Amino acid sequence: MTLTSPVDRSARRRARASLGLVLLVVLLALLVSVAGAGSAHAAVPPVDPTAPTAPAAPSTDPTVSVDINGINGEPSSPIVVLLTITLLSVAPSLLLMMTSFTKIFVVLALTRNAMGLTGVPPNQVLAGLALFLSLFIMSPVIGDINDSAVQPYLAGTVTFSEAVDVGSGPLRDFMLDQTREADLALVTRAADLPNPENPESVSLTTLIPAFMLSELRSAFIIGFVIFVPFLVIDLVVSAALMSMGMMMLPPVMVSLPFKMLLFILVDGWGLVLTTLVGSYG
4 MTLTSPVDRS ARRRARASLG LVLLVVLLAL LVSVAGAGSA HAAVPPVDPT
54 APTAPAAPST DPTVSVDING INGEPSSPIV VLLTITLLSV APSLLLMMTS
104 FTKIFVVLAL TRNAMGLTGV PPNQVLAGLA LFLSLFIMSP VIGDINDSAV
154 QPYLAGTVTF SEAVDVGSGP LRDFMLDQTR EADLALVTRA ADLPNPENPE
204 SVSLTTLIPA FMLSELRSAF IIGFVIFVPF LVIDLVVSAA LMSMGMMMLP
254 PVMVSLPFKM LLFILVDGWG LVLTTLVGSY G
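Sequence positions in the sequence shown follow my numbering and run 4 to 284.
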């Protein structure tokens with residue numbers, strides 16, 4: 004049996020009294036808030052809902068407009084990205100049809116075949132060499148297009164159509180300088196079109212195939228000149244083998260070292276590349 008002192012009993016009474024007082028104060032606060040909310044709701048009268056408005060009459064001339072320029076008149080970033088992706092998708096066609104790539108690649112391939120080498124250098128190496136040599140030859144044209152069309156369009160001073168018209172000028176001049184009049188006349192007659200009055204009136208649909216014909220013709224002329232010395236070596240080796248009665252020995256195996264030695268002694272790759280660059284003036 005535990006005994007509690009009078010001091011403990013008095014402390015417990017005071018704690019119970021304090022707890023009861025706190026509960027009473029909380030209950031009174033809740034009653035006051037509920038009464039105030041009820042009076043506030045009762046004081047505000049209900050408001051009728053707003054009537055719906057009638058729909059607008061349809062336009063007699065519907066139009067759709069798309070703003071492709073930014074705040075300062077510059078093209079927006081999504082439009083620039085879209086044009087870049089489109090240009091990259093058609094870049095191989097433009098590279099083959101409107102630059103010096105085709106001529107350079109054909110000449111390099113003919114040089115390899117003239118030496119009797121079927122896979123050395125591989126096509127990837129020839130294509131890479133032709134690509135960077137084309138960039139070297141086309142760098143003035145690319146610079147003119149960038150200065151006259153691309154940068155003004157990105158700055159917002161010209162529209163897209165104006166940039167295309169201005170940018171096609173340097174490329175047109177380059178192709179006209181490398182295109183023969185006979186090839187232009189051939190394509191014009193094939194399309195049943197009237198003869199152009201001046202170079203500026205030649206359309207790109209006529210100029211591009213004529214330019215490709217001229218490039219292939221020049222490439223085959225250069226390839227023929229390269230083939231002649233190697234053909235002479237093949238004939239000499241074949242005649243020597245026939246005179247010695249070595250008919251079972253392939254002449255290519257004997258002539259290949261002599262052709263490679265001749266190509267190295269005359270600095271063949273340097274001569275070929277110098278001729279290609281010089282053919283574009």
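Ideal Cβ positions, reconstructed from N, Cα and C, are used throughout, including at glycine. Just so we're clear, the structure is a prediction, and the values are computed from it rather than from any experiment.
- Between the beta-carbon of F261 and that of V231 there is about 15 Å, and that puts the pair past the 8 Å contact cut.
- The Cβ atoms of F214 and D186 lie closer than 9 Å to each other.
- For A117, the enclosing alpha helix (DSSP H) starts and ends at F104 to A117.
- With fewer than 16 other Cβ atoms inside 10 Å of its own Cβ, R192 counts as exposed.
- Assignment of alpha helix (DSSP H) within the region 152 to 215, counting only whole runs of 4 or more residues, yields 154 to 158, 163 to 181 and 184 to 193 in chain order.
- Taken through DSSP and simplified to helix, strand or coil, S142 comes out as helix.
- Using a 10 angstroms sphere on the CB of P95, the tally of other CB atoms stays under 16, which defines it as exposed.
- If you check the CB distance, A117 and G226 come in under 9 Å.
- Looking at the backbone, the Cα of G281 and that of D176 are separated by about 17 Å.
- With a contact defined as Cβ atoms closer than 8 Å, P173 and I140 miss out at about 13 Å.
- In chain order, D186 place their CB closer than 6 Å to the CB of L216, counting only its own chain and leaving out the 5 sequence neighbours on each side.
- In the DSSP assignment, S282 falls outside any alpha helix (DSSP H) and carries neither an H nor an E.
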